[in-house]
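S.K.: Protein chains in written order, with the working numbering: chain A, 1 to 684; chain B, 1 to 302.
No residue lacks a Cβ here, since even glycine has one placed at the ideal position from N, Cα and C.
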Amino acid sequence: MIRRLGERIIFIFYTLTLLGLLGGAGIYFVFSRDLPQLPDSLENINLSLPTEIYSADGERIKVRGQRYPVSLEDISPNFLKAIMAVEDSNFYEHSGLDHLALVRALYTNVSQRQIRQGGSTITQQLSKNLFFSFERNWVRKIKELLVALQLEATFSKEQILEAYCNQIYFGSGAYGIEEAAQVYFHKRAKKLTLLQAALLAGLPNSPNNANPFNNYERSTRRAEYVLERMVKEQFLSQEKKEEALDSLLELASPKENDDPNLYFVNFVIDRLEQNYGKEFVRFGGIKVFTTLDTRLQRSAQKAARSHLKTLERKIKPRNVNIPLQAALVAIENQSGAVRVMLGGGSYSHSQFNRAISDNRPSGSSFKPFVYLTAMEKLGYTPATTLRDEPILVDIPGTEPWEPKNFSDEYAGDIILKKAMMRSANSVSVKLIQEVTPRRVIKTARLFGITSQLGNHLSLALGTSGVSPLELASAYSMIANLGVYNKPYFIQRIEDFEGNPIYENFYHGIQRFPQKSIYPLLDMMRGVVDGGTGNIVRRMGFKHPAAGKTGTTNNSKDAWFNGFTKDFSVSVWVGYDDNEPMIVRSGRGLTGGGAAAPIWVLFMKKVLQGKNRVKFPVPEGIKFEKVDARSGTLPDEQSVETMNVALKEEVIIPPRVLELEKTQLGQASVNSTTTSELVDVVSNP
Amino acid sequence: MKFPRIKGPRGVALIFLAFFGFFFLEFYGKIFERGVGNYLKWQNSERPQLGRIWERDRQEILAQSKIQSIRLGLDSLQEATDAIGSFKTMLEGLEPAFPLVLSRQKFLDLYYDFPGQWSTIVISPFELISIDSQKNWTRVLLKRFGQWITIGFLDPKNIPVHEIFLETDALEEVLATRTVKRGRLEESGFEEDRVYSAAVFLPVLRTLDPKTQSAVFPDPRWFLAKGYSLTRVGVRESASESDFPRHLIFGIEYDADYHTGVLLIPVPLEIANNMLSQIERTDSELPGEEFTTMTSPSGDNP
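1) Could you tell me whether any Cβ in chain A is nearer than 9 Å to the Cβ of K30/B?
2) Curious, which full-length beta strand (DSSP E) runs of at least 3 residues does the stretch 171 to 220 of chain B contain?
3) Which residue or residues does DSSP assign as beta-bridge partners of Y502/A?
4) Alpha carbon to alpha carbon, how far is G37/B from A153/A? Give it in angstroms, no decimals.
5) Figure out for me which residue from V122/B, G11/B and S133/B has the closest Cα to the Cα of D155/B.
6) Tell me the rounded alpha-carbon separation between A13/B and I31/B.
7) Are there any heavy atoms of the ligand ADP lying less than 8 Å away from the beta-carbon of G547/A, as far as the coordinates show?
8) Specify the secondary structure class of M642/A as computed by DSSP and reduced to three states.
9) For a quick check, are the C-beta atoms of Q433/A and V393/A less than 9 Å apart?
10) Could you name the residues of chain B that R511/A contacts, counting a contact when the two beta carbons are closer than 8 Å?
11) Judging by CA-CA distance, which residue of G508/A, A460/A and E503/A is the nearest neighbour of A479/A?
12) Listed in chain order, which residues of the stretch 151 to 170 of chain A have Cβ atoms closer than 7 Å to some Cβ of chain D?
13) Helix, strand or coil for A424/A? Go by DSSP, reduced to three states.
14) Could you round the C-beta distance between V626/A and T632/A to whole angstroms and report it? I think they count as a contact, below 8 Å.
15) What is the DSSP secondary structure of N301/B, reduced to helix, strand or coil?
16) At what residue ranges does the stretch 69 to 120 of chain A contain a whole run of the alpha helix (DSSP H), taking only runs of 4 or more?
17) Residues in its own chain within less than 8 Å of T414/A by CB, not counting five upstream and five downstream?
18) How long is the line joining the alpha carbons of W559/A and M523/A, rounded to whole angstroms?
19) Along the chain, where does the beta strand (DSSP E) containing F560/A start, and where does it finish?
20) Please name the residue in P513/A, L262/A, V527/A and L203/A whose C-alpha comes closest to that of V644/A.
21) Can you give me the C-alpha to C-alpha distance between P437/A and V370/A, rounded to a whole angstrom?
22) Buried or exposed for P390/A, going by 16 or more other Cβ atoms inside 10 Å?
23) Go ahead and pull the three-state DSSP assignment for A330/A.
24) Which of the three DSSP states is assigned to H186/A in this structure?
25) Excluding the five sequence neighbours on either side, which residues of its own chain have a C-beta within less than 6 Å of the C-beta of D88/A, listed in chain order?
26) Is there at least one Cβ from chain B nearer than 9 Å to I286/A's Cβ?
27) Just to confirm before moving on: does the CB-CB distance between P361/A and N553/A stay below 9 Å?
28) Would you tell me roughly how many angstroms separate the C-alpha atoms of T354/B and D75/B, rounded to the nearest one?
29) Find the residues of chain B that neighbour I495/A, judging by a C-beta separation of less than 9 Å, and give them in chain order.
30) With DSSP run on the structure shown, which of helix, strand or coil describes V583/A?
31) Are three or more beta carbon pairs between the stretch 566 to 580 of chain A and the stretch 497 to 511 of chain A nearer than 8 Å?
32) Between the C-alpha atoms of T293/B and N485/A, what's the straight-line distance to the nearest angstrom?
33) Taking Cβ-Cβ distances below 9 Å as the criterion, which residues of the stretch 294 to 309 of chain A are in contact with chain B?
34) As a quick exercise: from L50/B, E237/B, L230/B and W222/B, pick the residue whose alpha carbon is nearest that of Y196/B.
35) Is the Cβ of S229/B closer than 9 Å to any Cβ of chain A?
36) Can you name the residues of chain A whose CB is closer than 7 Å to the CB of P96/B?
This is how it looks when you write it as structure tokens:
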């Protein structure tokens with residue numbers, strides 16, 4: 001009886017052993033085909049050439065892919081003991097597989113019917129980090145184990161532990177113990193105290209949740225647990241543990257992720273990745289020299305934040321907690337170099353780059369393109385008179401469109417310069433009706449605007465979305481008197497040996513004659529000196545400047561785009577959810593009130609200590625004083641006069657000639673070229 | 001079902017001993033893990049390079065090869081730029097989509113190396129000196145756009161400190177067509193009876209006024225600086241009748257250290273004939289050589 005029982009037990013034993021061996025061999029042959037090859041050495045696995053990004057003022061503003069591998073001697077023994085206590089207490093005993101830990105994990109996972117515990121040794125974790133995805137499944141676990149066994153057979157325990165310490169992620173962007181010690185404690189890994197070492201050793205298991213910057217309580221509880229494990233594993237005495245818990249952690253303050261340069265930097269990285277491929281940027285070890293001026297970028301952020309704060313106080317409280325946002329782009333006119341790109345009020349709160357990605361209607365900021373088209377195509381001048389009045393535009397198939405002026409006030413007869421200064425919507429609509437939207441779009445394209453523009457009359461009021469970058473660049477062309485410089489962000493790229501692999505060369509194209517652009521520039525100077533952008537002067541900005549405000553329906557967007565001789569700057573203010581900006585009095589914010597002050601605060605910093613530089617007057621331009629209502633030469637009937645810049649061939653007629661012209665049934669265009677004037681005179 | 005029979009307690013003991021031995025070795029010697037690990041190590045090189053670190057290696061190699069290819073392109077461009085032999089070739093070789101960047105030194109070398117005054121007519125040396133006085137001219141960028149060539153003098157930040165616009169028609173001017181060819185006069189189409197020795201040609205050249213001299217002959221420095229020794233001078237009609245109607249081609253042959261070359265200069269017919277008549281007077285004293293005045297290939301020439 002006993003013999004038969006023994007025989008049965010042995011049979012079962014044989015069978016199980018055989019099945020185990022066959023199963024093991026089967027698993028091996030199935031998975032060994034997909035097993036990765038191991039490198040010859042673990043020393044260089046963390047090293048790749050970092051990519052560095054520099055500003056125009058020489059500051060290294062971003063480094064990608066830099067690692068700081070250290071040898072075991074340069075790591076605090078406190079940390080080595082702590083990490084072993086909490087991750088793999090039998091590290092020096094096993095050969096890649098810890099049976100007890102595995103059985104414990106198996107029991108937990110089978111009983112809970114999901115993978116809750118890994119039971120992984122340090123070698124298995126290294127194997128996972130080096131070769132496998134972070135997906136948890138049995139197949140991956142088996143492969144990970146097989147590679148861990150090979151790691152153990154190939155490398156010494158010290159090599160494995162060193163590679164592990166240099167490889168693991170500690171949260172807050174820190175890979176490896178040296179970087180973690182720097183990020184969390186601003187010290188070298190070999191100088192870590194016991195408590196600091198325990199805290200760091202607790203992080204790899206849960207780098208985000210147990211991160212002391214995000215959850216201090218949880219991270220210290222985890223550190224206590226690590227110390228407890230150290231005592232249990234006899235790496236530490238109870239007294240030392242108590243001492244450590246009584247010591248100061250000396251946690252560094254979290255690295256401020258509110259670097260305003262990141263809007264620019266990330267845009268540059270995206271562009272490089274698009275043009276050259278991701279690997280080029282991540283592993284190329286290149287040095288990118290950008291056009292960014294970090295000093296000005298900080299000034300832009302400061303200006304935006306300061307004014308947004310003021311506006312937030314004035315604006316009616318909203319139910320949703322969405323902050324008011326601003327975007328600013330500054331371009332150096334001479335070269336087209338983008339010196340500043342601020343994509344929002346705070347990078348840490350929102351990484352969305354409104355300077356390039358958020359195309360919002362530009363409102364009246366678009367009018368200069370309408371005016372220029374009219375002057376070029378219809379022969380209009382800044383002294384041409386149109387009637388500012390309520391208008392009704394018939395649109396086939398829909399209700400008539402009734403564009404209104406911002407304050408619903410109309411000036412009657414008005415010269416174009418005055419209309420631009422007042423930002424009269426009705427005049428702008430009349431102009432686009434005459435020139436057609438298609439022609440205005442063509443003009444805008446010549447100014448470098450690439451966004452989709454609607455082929456309809458409301459384009460005159462800036463209903464199509466454009467980005468601050470596009471507007472800054474387009475206005476820069478006005479400042480350059482018709483020379484278009486494509487905006488650029490990268491000056492030079494070098495490989496890791498310092499050999500240049502890319503250089504930007506200036507490529508200015510004269511797209512409009514200077515004397516066609518200057519009258520427009522002069523009209524825009526009027527906007528700043530006495531028009532809707534006059535706040536610029538009221539805030540004490542004394543440098544010669546020109547610009548245009550823009551406010552969209554219900555004050556959803558506020559713009560100010562302006563330029564001096566050297567810089568063109570576009571500022572946008574608005575809500576991300578496209579809600580109106582209404583102040584407590586019930587009035588909506590305008591480009592002049594919301595965006596222009598940011599422009600002024602910023603430009604004051606930019607031009608601090610610099611001489612006032614006038615816009616150069618090109619050849620073929622003359623200045624005339626005209627009646628602001630009739631556009632004729634001023635006389636005793638003139639109520640308001642205005643200086644206008646005109647092409648030399650334009651002749652401003654006296655009022656009497658204008659009357660004759662009206663009698664002749666000519667259009668209200670009163671400034672004529674010489675030949676036209678001769679006609680009028682010779683045919684009374 | 002029949003189970004295997006155990007033959008006595010010795011068999012049982014042996015089996016238990018074997019298992020005990022295995023567990024003992026596994027427990028103290030990790031025989032299983034080491035066995036598998038070493039087996040995998042043994043066949044490591046046969047396995048594919050899969051996984052994150054290998055992928056990163058591949059990406060690194062890809063990135064470096066991209067950089068290498070860009071560098072090669074730039075290097076070959078640089079070599080091509082370095083190989084430009086004349087001011088005229090530099091401008092003629094410009095392609096609209098491919099701007100050319102030259103160092104200040106290379107540009108000046110080509111500028112002053114032109115065998116004639118054409119380069120100084122295109123850009124005045126005084127203009128160059130004026131640009132140079134700003135002390136921030138490091139390179140020259142040449143671009144072609146339609147019928148226009150832009151010569152931009154760049155500062156270290158690649159911003160042009162001065163720009164000169166040149167019409168491509170200027171490349172076709174007679175003054176621009178002085179070219180250099182390898183070989184002897186005969187290989188360039190000069191007939192033997194219209195070839196004269198330098199000793200005959202130079203005295204006649206010296207009698208001409210400076211303006212005519214410069215129309216016929218480059219600044220002697222051009223030969224002296226390069227170590228070229230003048231040997232002979234030939235005269236022939238222009239190869240293409242439409243090219244230079246009222247011009248003859250002077251070929252000035254010289255010996256360099258390792259080669260013989262000919263500098264081809266279109267010379268207005270009147271000047272050419274005047275010179276040839278003087279050479280005739282000189283030659284007529286020499287027996288066996290005769291001279292005939294040449295006429296322009298175009299029919300309307302008197």
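M.R.: So, from the listed chains and residues:
1) Indexing the second sequence from 1 puts residue 30/B at position 30. At least one beta carbon of chain A lies nearer than 9 Å to the beta carbon of K30/B.
2) Note on the stretch 171 to 220 of chain B: whole beta strand (DSSP E) runs with a minimum of 3 residues are 179 to 182 and 195 to 197, in chain order.
3) Stepping through the first sequence from its first residue, residue 502/A is reached at position 502. Y502/A is bridged to I493/A.
4) Residue numbering aside, residue 153/A sits at position 153 when the first sequence is read from its first letter. Residue numbering aside, residue 37/B sits at position 37 when the second sequence is read from its first letter. Cα-Cα distance, rounded: 5 Å.
5) Within the second sequence, the letter at position 155 stands for residue 155/B. Selected option, being the one with the closest Cα: S133/B.
6) For the purposes of this step, residue 13/B is taken as the residue at position 13 of the second sequence. For the purposes of this step, residue 31/B is taken as the residue at position 31 of the second sequence. For A13/B and I31/B, the gap between their C-alpha atoms comes out near 22 Å.
7) The ligand ADP is not part of the structure shown, which contains no ligands of any sort.
8) Here the question's residue 642/A lines up with position 642 in the first sequence. In this structure, M642/A counts as strand in the three-state DSSP scheme.
9) If you number the first sequence from 1, residue 433/A lands on position 433. If you number the first sequence from 1, residue 393/A lands on position 393. Cβ distance < 9 Å, so Q433/A and V393/A count as in contact.
10) Numbered from 1 along the first sequence, position 511 holds the residue referred to as residue 511/A. Residues of chain B with a Cβ closer than 8 Å to the Cβ of R511/A do not exist, since the nearest Cβ in that chain sits about 13 Å away.
11) As a working mapping, residue 479/A is identified with position 479 in the first sequence. Each of G508/A, A460/A and E503/A was checked against the Cα of A479/A, and the nearest Cα belongs to G508/A.
12) Protein chains A and B are contained in the structure displayed, whereas chain D is not.
13) Working through the first sequence from its first residue, we reach residue 424/A at position 424. In this structure, A424/A counts as coil in the three-state DSSP scheme.
14) Taking the first sequence and counting its residues from 1, the one referred to as residue 626/A is at position 626. Taking the first sequence and counting its residues from 1, the one referred to as residue 632/A is at position 632. Yes, V626/A and T632/A are in contact; Cβ-Cβ is about 7 Å, under 8 Å.
15) Here residue 301/B refers to the residue found at position 301 when the second sequence is read from its first residue. Summary for N301/B: the model assigns pLDDT 33, below 50, so the residue's position carries little reliability; its value from the coordinates is reported in the next sentence. If DSSP states are grouped into helix, strand and coil, N301/B belongs with coil.
16) Fully enclosed alpha helix (DSSP H) runs of 4 or longer: 77 to 87 and 99 to 112.
17) Looking up residue 414/A in the first sequence gives position 414. The question names Thr, yet the displayed sequence has Ile at residue 414/A. The residues are T385, L386, R387, D388, R422, A424, V427, A628 and R629.
18) Sequence index remark: in the first sequence, residue 559/A carries index 559 (1-based). Sequence index remark: in the first sequence, residue 523/A carries index 523 (1-based). Distance from the CA atom of W559/A to the CA atom of M523/A, rounded to whole angstroms, is 18 Å.
19) By one-based count along the first sequence, residue 560/A stands at place 560. Where F560/A is concerned, the enclosing beta strand (DSSP E) starts and stops at D557 to F563.
20) Residue 644/A sits at position 644 when you count from the first residue of the first sequence. Looking only at P513/A, L262/A, V527/A and L203/A, the smallest Cα-Cα distance to V644/A is reached by V527/A.
21) By 1-based counting over the first sequence, the position of residue 437/A is 437. By 1-based counting over the first sequence, the position of residue 370/A is 370. Rounded to whole angstroms, P437/A to V370/A spans 9 Å at the Cα level.
22) To locate residue 390/A, count along the first sequence from 1; it is residue 390. Residue environment analysis places P390/A among the exposed positions, since fewer than 16 neighbouring C-beta atoms fall within 10 angstroms of its C-beta.
23) Here residue 330/A is taken as the residue at index 330 of the first sequence, counted from 1. Correct three-state label for A330/A: strand.
24) Counting from 1 along the first sequence, the entry for residue 186/A is found at position 186. Assignment of H186/A by DSSP, reduced to helix, strand and coil, places it in the coil class.
25) On the first sequence, residue 88/A is found 88 positions in, with the first residue counted as 1. Closer than 6 Å at the Cβ level, and outside the excluded window around D88/A, lie T121 and I122.
26) Taking the first residue of the first sequence as position 1, residue 286/A is located at position 286. By the rule that beta-carbons nearer than 9 Å mark a contact, I286/A touches chain B.
27) For the purposes of this step, residue 361/A is identified with residue 361 of the first sequence, where counting begins at 1. For the purposes of this step, residue 553/A is identified with residue 553 of the first sequence, where counting begins at 1. Contact flag set, yes.
28) Nothing in the structure corresponds to residue 354/B, since chain B is present only between 1 and 302.
29) For the purposes of this step, residue 495/A is taken as the residue at position 495 of the first sequence. Checking the sequence, you will find Asp at residue 495/A rather than Ile. Q64, I67, Q68, I70 and R71, listed in chain order.
30) For this step, residue 583/A is matched to residue 583 along the first sequence. The answer is strand: DSSP assigns V583/A an E or B state.
31) Result no; under three Cβ-Cβ pairs closer than 8 Å.
32) The residue you call residue 293/B lines up with position 293 of the second sequence. The residue you call residue 485/A lines up with position 485 of the first sequence. Confidence at T293/B is low in this model, with a pLDDT of 47, below 50, so its placement is unreliable and the value that follows should be read with caution. Pairing T293/B with N485/A, the inter-Cα distance amounts to about 58 Å.
33) Cβ contacts with chain B: none found.
34) Looking up residue 196/B in the second sequence gives position 196. Nearest of L50/B, E237/B, L230/B and W222/B to Y196/B, Cα basis: L230/B.
35) Counting from 1 along the second sequence, the entry for residue 229/B is found at position 229. Output row for S229/B: interface = no.
36) Within the second sequence, the letter at position 96 stands for residue 96/B. Under the 7 Å cutoff, chain A gives no residues; its nearest Cβ is about 13 Å from P96/B.
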